[in-house]
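The next block holds one structure in the form of structure tokens; read it before the comments.
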Amino acid sequence: MDRAATGPLLTALAGGYGDAADALRIDGHAMSREQLLGAASAFAGRIAGAPALAVLARPSAETVVAVVGGLLAGVPVVPLPPDSGPTERGHILKDSGAALLAGGSGDEGIDPVAVDLAARGGGSYRETASDGPAFVLYTSGTTGAPKGVLISRSALAAGLDGLAEAWQWTAEDTLVHGLPLFHVHGLLLGVLGALRTGSKLVHTGRPTPAAYAEARGSLYFGVPTVWSRLAADESAARELASARLLVSGSAPLPVPVFERLAALTGHRPIERYGMTESLITVSTRADGERRPGSVGLPLPGVRTRLVGEDGRPLPADGETVGELQVSGPTMFDGYLHRPEATAEAWTADGWFRTGDVAVIGPDGFHRIVGRASVDLIKSGGYRIGAGEVEAALRDHPAVADAAVVGAPDADLGQAVVAYVIADGAVTGEQLTAFVAERLSVHKRPRRVVLVEELPRNAMGKVLKKQLLERL
Ligand code: MLC
Ligand code: AMP
1 MDRAATGPLL
11 TALAGGYGDA
21 ADALRIDGHA
31 MSREQLLGAA
41 SAFAGRIAGA
51 PALAVLARPS
61 AETVVAVVGG
71 LLAGVPVVPL
81 PPDSGPTERG
91 HILKDSGAAL
101 LAGGSGDEGI
111 DPVAVDLAAR
121 GGGSYRETAS
131 DGPAFVLYTS
141 GTTGAPKGVL
151 ISRSALAAGL
161 DGLAEAWQWT
171 AEDTLVHGLP
181 LFHVHGLLLG
191 VLGALRTGSK
201 LVHTGRPTPA
211 AYAEARGSLY
221 FGVPTVWSRL
231 AADESAAREL
241 ASARLLVSGS
251 APLPVPVFER
261 LAALTGHRPI
271 ERYGMTESLI
281 TVSTRADGER
291 RPGSVGLPLP
301 GVRTRLVGED
311 GRPLPADGET
321 VGELQVSGPT
331 MFDGYLHRPE
341 ATAEAWTADG
351 WFRTGDVAVI
361 GPDGFHRIVG
371 RASVDLIKSG
381 GYRIGAGEVE
391 AALRDHPAVA
401 DAAVVGAPDA
411 DLGQAVVAYV
421 IADGAVTGEQ
431 LTAFVAERLS
441 VHKRPRRVVL
451 VEELPRNAMG
461 KVLKKQLLER
471 L
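Numbered per my numbering, the sequence shown spans residues 1 to 471.
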């Protein structure tokens, strides 16, 4: 889809924001935006014309340069989880049609392209003028292999501007996080947001309490697991008292974690809600009420509604529970090569079906109640499709059948638990290792329960709610 672009996406690189020698700190490197622009434009020159660029998304300066280079060249960027096993990696590379892999070794079956941090190309900010897909982000559905979500530059620009407005995010901020660089949270918000608003960015490698305490930023991003680990580390948490804003997202922030963070840091955290497909659509505001258990109000330009199972709109009365549907300028352009899945994601009247169940109050505040399907699991903020893990388990010769569920977990929100019917010649540890070899590390089961049979309904469908009750 080619629309007119809305102007430069990475406005801070385009100039006018001043520069500091440490505008970006990551993996032991400090770079100014001028250095980043120089290296990224040299890289853009090397990949121009490629159909898509895969980036092995380690938390490194090379990853940031490659992603920015892709955006400058107008080549869609496909972030690849660095710990993904051959099955997942092979699927992403083939499905996306990526011709080059930044950070690759050549063993991945695709041409590697090196990133030179010291290179200097161009010097001025030049971005393609059309609004094609900026990113293809692979994300899990309830069944099957991950789908490529097409995200345009204009959706990203609108999404980042909405957040900047709601969070009063400016060039005065120093953003700190240690999230992975292959998702909306860590990469699109956590890197490109800084390059659009002009804030400095400190990436801590891993999002540990000690690293967050040491970074001395003004704006902190984390998934609930990060915040709950920080809240359990009193001295680290107290160091964040000097920050301006703490932001939680990607999964529900438990109310006790909200309260404890507020008590230790003096900051009531912002909670915001979104999806890979929609970017961030609802958030509490820097200048508004931050209510525990609530994700706040629609961001600028976003509309939301609740619908019942019959598809009819439901009242925003603070009590009625329905599926949350959203529309607005931040929506994706479809799933790559999957017109049917794309069509199913939208209602006839143009609303995106989130698959989340929510309540909207008369004051407009949104509360996410849960997911409509038990087959989409959120563990540590990672979205994991039960079907993908089940398929990986069934590939094992000793496995007759498998059912995967998300069990409530105090640290991770949900933990991946697999019920497996096997021939006895295999252990749970072996099956966990088998999945880890194929998929990303976070998708492997934390627990494998070997069973004789799985509870099923008359249609033969596994009764996952019964499995969850057993846990
Ligand atoms: C993991 N480990 C296992 C295991 N799973 N070991 C055995 N069996 C398993 N099943 C290993 C890990 O490899 C690690 O080893 C160690 O156990 C600790 O793992 P962990 O408990 O998972 O902790 P950690 O690795 O620290 O991960 C927690 C986390 C991580 C919160 C840091 O889950 C994370 O980065 N989450 C962010 C996800 C995210 O960004 N989501 C955004 C999606 S976008 P070792 O050796 O490595 O220590 C989105 C849009 C939006 O959702 O709204 O934002
Ligand atoms: P992902 O595509 O990885 O971004 O996953 C999107 C899903 O994460 C949503 O559909 C929600 O189920 C969940 N999610 C994101 N943010 C929140 C939040 N603040 N509260 C509850 N669930 C959330």
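Virtual Cβ for every residue (Gly too), placed ideally from N, Cα, C.
The structure presented is a predicted model; accordingly, all values stated were derived computationally and were not measured.
Taken atom to atom, the span from the alpha-carbon of VAL77 to that of ARG456 is near 42 Å. Straight through space, the alpha carbons of GLY97 and ALA52 are spaced by roughly 6 Å.
Under the three-state reduction of DSSP, ILE110 is assigned to coil, being neither helix nor strand. Non-local beta-carbon contacts of GLY159 in its own chain, meaning distances under 7 Å to residues more than five positions away in sequence, involve LEU279, ILE280 and THR330 in chain order. In the DSSP annotation of this structure, LEU117 is not part of any beta strand (DSSP E), being labelled neither H nor E. Only residues of its own chain outside the window of five on either side were considered, and among them ALA39 have a CB closer than 8 Å to the CB of ALA118, listed in chain order. Taken in chain order, the whole beta strand (DSSP E) runs of length 3 or more contained in the stretch 22–62 are 24–26, 29–31 and 53–56. Placement of the Cβ of VAL184 at a distance of less than 7 Å from at least one heavy atom of the ligand AMP is found. Taking 7 Å as the cut-off, one finds no heavy atom of the ligand MLC near enough to the beta carbon of ILE270. Distances between the C-beta of ARG438 and the heavy atoms of the ligand AMP are all 7 Å or more. Close CB contacts of LEU297 within its chain, under the 6 Å cut and outside five residues either way in sequence, are with GLY364 (chain order). Counting along the chain, the unbroken alpha helix (DSSP H) around PHE258 starts and ends at 255–265. Exclusion of VAL359 from the 7 Å shell around the ligand MLC follows from its C-beta lying no nearer than that to any non-hydrogen atom of the ligand. Note that the C-beta distance between GLY406 and SER373 is not below 8 Å. The alpha carbon of ARG25 has as its nearest neighbour, out of ARG353, GLY190 and PRO315, the alpha carbon of GLY190.
By the criterion of at least three beta-carbon pairs nearer than 8 Å, the stretch 311–318 is not in contact with the stretch 101–120.
C-alpha of GLU429 to C-alpha of SER154: approximately 45 Å in a straight line. Comparing alpha carbon positions, the residue from LEU100, VAL176, VAL223 and LEU93 closest to SER242 is VAL176. The Cβ-Cβ distance between VAL417 and VAL449 falls below 8 Å. Counting along the chain, TYR273 sits inside the beta strand (DSSP E) bounded by residues 270–275.
DSSP places LEU314 in the coil class of the three-state scheme, outside both helix and strand. Of the heavy atoms belonging to the ligand MLC, none sits nearer than 7 Å to the Cβ of THR281. When DSSP states are grouped into helix, strand and coil, PHE434 belongs to the helix group. Going by C-alpha positions, VAL65 is about 24 Å away from ARG216. Pairing ASP173 with LEU219 gives a Cβ-Cβ distance under 8 Å. Relative to the ligand MLC, the nearest heavy atom lies less than 7 Å away from the CB of SER250. The closest heavy atom of the ligand MLC lies 7 Å or more from the beta carbon of PRO81. At least one heavy atom of the ligand AMP lies closer than 7 Å to the C-beta of VAL295.
DSSP places ASP95 within a helical segment (H, G or I) once states are collapsed to three.
Under the three-state reduction of DSSP output, LEU189 falls in the helix class. Contact check between the stretch 196–216 and the stretch 379–389: fewer than three CB pairs, one atom from each, fall below 8 Å, which does not count as touching. If one requires a minimum length of 4 residues, the alpha helix (DSSP H) runs lying completely within the stretch 290–378 are 339–345, in chain order. For THR281, the uninterrupted beta strand (DSSP E) segment begins and ends at 279–283. Taking ALA12 as reference, the option from LEU192, VAL307 and VAL389 with the minimal CA-CA separation is LEU192. Rounded to the nearest angstrom, the Cβ distance from LEU245 to ALA286 is 6 Å, consistent with a contact under 8 Å. As the crow flies, the alpha-carbon of PRO269 is around 42 Å from that of ARG46.
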